[in-house]
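*Asks:* Going down the list, the sequences are from chains A and B. So that you can map any letter, position 180 of the first sequence is 186 in the numbering used here, and since no number is skipped, the others follow by simple counting. So that you can map any letter, position 42 of the second sequence is 48 in the numbering used here, and since no number is skipped, the others follow by simple counting. This is the structure I have questions about; it appears just below.
There are 2 protein chains.
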Amino acid sequence: MLTSIPVTEISPRCSTCGMGQLCLPVGMSQQDLLKMDTLVQERVRVHKGETLYRMGDPLTAVYAVRFGTLKTHVTLEDGRSQITGFHLPGEIVGLDGLGEMQHASDATALEDAEVCVVRFSELQALSGDLPSLQTQFLRLMSKEISQDQVMLMTLGSMRAEERLAAFLVNLSERLSARGYSSSEFVLRMSREEIGSYLGLKLETVSRLFSRFAEAGLIQIRQRHVKLIDMAGIKQIYNRSC
Amino acid sequence: MLTSIPVTEISPRCSTCGMGQLCLPVGMSQQDLLKMDTLVQERVRVHKGETLYRMGDPLTAVYAVRFGTLKTHVTLEDGRSQITGFHLPGEIVGLDGLGEMQHASDATALEDAEVCVVRFSELQALSGDLPSLQTQFLRLMSKEISQDQVMLMTLGSMRAEERLAAFLVNLSERLSARGYSSSEFVLRMSREEIGSYLGLKLETVSRLFSRFAEAGLIQIRQRHVKLIDMAGIKQIYNRSC
DNA sequence: CGTGAGATTGAAGTCCATCAATGGTTGTGG
DNA sequence: CCACAACCATTGATGGACTTCAATCTCACG
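This is the structure:
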């Protein structure tokens, strides 16, 4: 089950959180940052494979990933499902549900994770005397829209190898922004999950990884990846064929 | 060129605009609605084929479609481009650029159109003492995210005929909400544009239209469509194959 | 150490793209 | 107002990219 962890005096707060430069507080003054400390009064532990929320659940909060990795996915009646995003620490999930105040996707942990619960009521209240929070929240929503549109481009007009190359580079950059190595990392998702995200079958993903490795672009052993020739990888989707 | 039309005393305003129940003012009290009248101080006429904004342009406003149809599209360096949305009256375009305050896509008119210019500075100012505007704006952004995610699902896991059927139904519903016939309408976009949006080639779109017509699901002559068997069309993408 | 989920690799098949030729509609300028 | 051009749409034939089906293989975990 999901474990709830109350935030106490001694817990880390927004003002002291290492994710600050990636999360809601981006660009806030020290003064504003201190006001943020009342925003999150609860955190939730989500173990690998557990679900944070499901499509249709009433939305009372959005969630900032504190550590771990989540996936968001939508499912059709006939069982087909599509992963709409992988979410790293500092990213917000649940934004797609604010319109109807009920979640428009499922969110599941790919590894043990912890999220900060950002109650929508608190968010609204605090936004009143913290315009920078308002602005920052809009900015995050807007970024989500433009990222989804890049993904639409990827699914709509790129070939399989271009999609996978773009995926690797995107992941690399996001990990790098979080202080991890940009050239060597562990995939938290299966071939099937990568395939679902990229609109491909798991066998195709596997074959492409093998081909990339053969071409000397990457090394891959199970879920451990090393990017060898970053320029070469980028060329796959940059070449003006 | 784009024609700017100042909003004067006698111009239609938000409080009297027929699009009210679809646009920013949704669900506002009469009192709030009157405050909205200061929000839009300019409208812009965009003729068929003209561009409202381009990717990279600094963003100073978002735009509410008043009449006509727009498309938004993103382009890669190599020239490939993807249509990310078709926008009908009452819908807001430009939301994807708020994150960086510069536009993340191009917006082009498919037919002569007019948009209300919603300056971001005005929006922020007015949001201060009009919380319902704030809420409504968040709601619209959130809907855009969840719509994009439905589109990701469509591109990532549906077959060609399912995509086209879903497209027709979606368009039908949106036209219906605007007071037009849900069963008979004119496509404002070419086969190629439909194909770009759905991740298909124009020949595929054309063939599918012909097949749908042969199956008695629709009638189609150039851009004039009549949906004959709505249940049958929905079955194409609902059947639990 | 054994088991089972996940990953790899091969062979065959399908769906959609590409290439190509023709037909239809719209709009423009003589 | 007509003729022509330009654009858009249709349809057929062929090919290729990715999927599907299937048989191992690998490794993480009890």
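Glycine included, C-beta positions come from ideal geometry on N, C-alpha and C.
Measuring only between beta-carbons, confirm whether E167/A sits less than 9 Å from chain B.
*Replies:* Here residue 167/A corresponds to residue number 161 of the first sequence, with the count starting at 1. E167/A does not count as touching chain B.
*Asks:* Spatial neighbours of S10/A within its chain, please: CB distance less than 7 Å, with the 5 preceding and 5 following residues excluded, ordered by chain position.
*Replies:* If you number the first sequence from 1, residue 10/A lands on position 4. Once the five neighbours on either side are set aside, the close Cβ partners of S10/A are E48, V50.
*Asks:* Do the region 51-60 of chain A and the region 110-124 of chain A make contact, defined as three or more Cβ pairs closer than 8 Å?
*Replies:* As far as the Cβ criterion goes, the region 51-60 of chain A touches the region 110-124 of chain A, which means the pair count is three or higher.
*Asks:* Go through the region 43-106 of chain B residue by residue and report every complete run of the beta strand (DSSP E) that reaches 3 residues or more, in order.
*Replies:* As far as the region 43-106 of chain B is concerned, its whole beta strand (DSSP E) runs of at least 3 residues are 48-52, 57-59, 67-73, 76-81, 87-93.
*Asks:* Excluding the five sequence neighbours on either side, which residues of its own chain have a C-beta within less than 8 Å of the C-beta of G238/B, listed in chain order?
*Replies:* In the second sequence, the residue the question calls residue 238/B occupies position 232. Answer for G238/B: A221, G222, L223, listed in chain order.
*Asks:* Once you ignore the five residues that flank C247/A on each side, which residues in its own chain have a CB closer than 8 Å to its CB?
*Replies:* Translated into positions along the first sequence, residue 247/A becomes position 241. Per-residue confidence for C247/A stands at a pLDDT of 45, beneath the threshold of 50, marking its modelled position as unreliable; no derived number is given.
*Asks:* Based on the DSSP output, what are the partners of K232/B in its beta bridges?
*Replies:* Taking the first residue of the second sequence as 1, we reach residue 232/B at position 226. DSSP lists E190/B, Q225/B as partners of K232/B.
*Asks:* Near V192/B, what residues of its chain come up, given a Cβ to Cβ distance below 7 Å and the 5 sequence neighbours on each side ignored?
*Replies:* The residue labelled residue 192/B in the question sits at position 186 within the second sequence. Here the set comprises R229, H230.
*Asks:* Which one or two residues does DSSP pair with A131/A in a beta bridge?
*Replies:* Locating residue 131/A in the first sequence gives position 125, counting from the first residue. Partner(s): none; A131/A has no beta bridge.
*Asks:* Go to E167/B, then tell me how far its alpha helix (DSSP H) extends in each direction, as first and last residue.
*Replies:* Numbered from 1 along the second sequence, position 161 holds the residue referred to as residue 167/B. Element bounds for E167/B: 166-183.
*Asks:* Could you give the DSSP three-state label for R125/B: helix, strand or coil?
*Replies:* Stepping through the second sequence from its first residue, residue 125/B is reached at position 119. Reduced to three states, the DSSP call for R125/B is strand.
*Asks:* Just checking: is the beta-carbon of T141/A within a distance shorter than 9 Å of some beta-carbon in chain B?
*Replies:* Taking the first residue of the first sequence as 1, we reach residue 141/A at position 135. Yes, because at least one Cβ of chain B sits closer than 9 Å to the Cβ of T141/A.
*Asks:* Can you find a heavy atom of the ligand ADP that lies under 8 Å from the Cβ of R184/B?
*Replies:* No copy of the ligand ADP appears in this structure; indeed no ligand is present at all.
*Asks:* Looking at chain A, which residues of the region 20-42 of chain B have a Cβ within less than 8 Å of any of its Cβ atoms?
*Replies:* Going along the region 20-42 of chain B in chain order, one finds no residue with a Cβ nearer than 8 Å to chain A.
*Asks:* For K253/B, which residues of its own chain have a beta-carbon under 6 Å away from its beta-carbon, when the five flanking residues on both sides are left out?
*Replies:* No answer is possible for residue 253/B: the residues shown for chain B start at 7 and end at 247.
*Asks:* Is the Cβ of P137/A closer than 9 Å to any Cβ of chain B?
*Replies:* In the first sequence, residue 137/A corresponds to position 131, counting from 1. P137/A counts as touching chain B.
*Asks:* Determine the closest residue to L144/A out of L30/A, R72/A, K240/A, S17/A, with distance taken between C-alpha atoms.
*Replies:* As a working note, residue 144/A is residue 138 in the first sequence. The shortest C-alpha separation from L144/A is found at L30/A.
*Asks:* When the Cα atoms are used, what is the spatial distance from K232/A to A67/A?
*Replies:* If you number the first sequence from 1, residue 232/A lands on position 226. If you number the first sequence from 1, residue 67/A lands on position 61. Whole-angstrom Cα-Cα distance: 37 Å.
*Asks:* Which residue comes first and which comes last in the beta strand (DSSP E) that contains T210/B?
*Replies:* Stepping through the second sequence from its first residue, residue 210/B is reached at position 204. Run containing T210/B: none in the beta strand (DSSP E); it sits in the alpha helix (DSSP H), 208-220.
*Asks:* Could you run through the region 149-163 of chain A and flag, in chain order, every residue whose CB is less than 8 Å away from some CB of chain B?
*Replies:* The region 149-163 of chain A vs chain B, Cβ under 8 Å: K149, E150, I151, S152, D154, Q155, V156, M157, L158, M159, L161, G162, S163.
*Asks:* Check whether the Cβ of N244/B lies closer than 9 Å to any Cβ atom in chain A.
*Replies:* In the second sequence, the residue the question calls residue 244/B occupies position 238. Yes, its Cβ sits closer than 9 Å to a Cβ of chain A.
*Asks:* Is the CB of A70/B under 9 Å away from at least one CB in chain A?
*Replies:* The sequence position of residue 70/B within the second sequence is 64, counting from 1. Output row for A70/B: interface = no.
*Asks:* For L177/B versus F92/B, is the C-beta spacing smaller than 9 Å?
*Replies:* Within the second sequence, numbered from 1, the residue matching residue 177/B stands at position 171. Within the second sequence, numbered from 1, the residue matching residue 92/B stands at position 86. Their beta carbons are under 9 Å apart, which means L177/B touches F92/B by this criterion.
*Asks:* Just reading off the beta strand (DSSP E) that D118/B is part of, what are its end residues?
*Replies:* As a first step, residue 118/B is located in the second sequence; it is residue number 112 there, counting from the start. Unbroken run through D118/B: none, as it is neither H nor E.
*Asks:* According to DSSP, simplified to helix, strand and coil, what is Q108/B?
*Replies:* Taking the first residue of the second sequence as 1, we reach residue 108/B at position 102. In this structure, Q108/B counts as strand in the three-state DSSP scheme.
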